[in-house]
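Enquirer: Numbering (our numbering), first residue to last: 87 to 289. Heads up, the beta-carbon is just placed ideally off N, CA and C, and yes, glycines get one too.
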Ligand code: GLN
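1) On a CA-only basis, which of 258, 215, 241 and 265 is nearest residue 231? Give me that one, please.
2) Would you identify the three-state DSSP class for residue 87, choosing helix, strand or coil?
3) Quick one: residues in its chain with C-beta nearer than 8 angstroms to the C-beta of residue 233, no 5 flanking neighbours on either side, listed in chain order?
4) Pop quiz: residue 281 and residue 167 are said to be a contact at Cβ under 8 angstroms. What is the actual Cβ separation, rounded to whole angstroms?
5) Check the DSSP bridge columns for residue 275 and list the partner residues they point to.
6) Please list, in chain order, all residues of the same chain as residue 185 whose beta carbon is under 8 angstroms from its beta carbon, the five residues on each side excluded.
7) From residue 107 to residue 101, what does the alpha carbon distance come to, in whole angstroms?
8) Taking the alpha carbon of residue 128 as the point to measure from, which residue in 143, 105 and 161 has its own alpha carbon closest?
9) How many angstroms separate the CA atom of residue 195 from the CA atom of residue 170?
Structure below.
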């Protein structure tokens, strides 16, 4: 009901492909309502959106097929928080190194390199300091992960691994190369939920 919807916060998780279920579970553990988003109607009913990891070329193709790309762009430009993890970060990026033809939302003013950690280190876990989230570092799972090679002037770096940027924020947009939904640490989802709460308060 309308009153209900207005009183409770709903975070959407784009559920076209990839590990959306793990994000939904993590959001529930944060105590917020989460909803899988596959249609334009469902997108209209959420206050924020997570674009999960998976295969970026498939996710963007399906987004275009269901007409969600334009709508996500419009809502993000109107201030709705969007958080892309791994493939989701690639989909949000302005440029994708070596793949100039790969369609993308172009929301986040960054260049990403896909599968950038190389074959030898396909997947790995590491304790990643994220000063914004305080101590201790978060446990970050990287799976055929991208990293960010260039950032625009309005982009803030929230975490790096050596010289590789792996977590950024640009106003209402958050992009990370790794998978926080595969660990028990709820802090990064909690941080995003607070961005969504702040957005809702302005509506
Ligand atoms: N390598 C994948 C891609 O380029 C991303 C991997 C992931 O999301 N875990 O789409």
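Expert: The relevant details are as follows:
1) 265
2) At residue 87 the pLDDT is 41, less than 50, meaning the model places this residue with poor confidence; the figure from the coordinates comes in the next sentence. Three-state result, residue 87: coil.
3) 198, 199, 202, 203, 247, 250, 251, 252 and 263
4) 4 angstroms
5) Residue 275 pairs with nothing; no bridge assigned.
6) 200
7) 8 angstroms
8) 161
9) 13 angstroms
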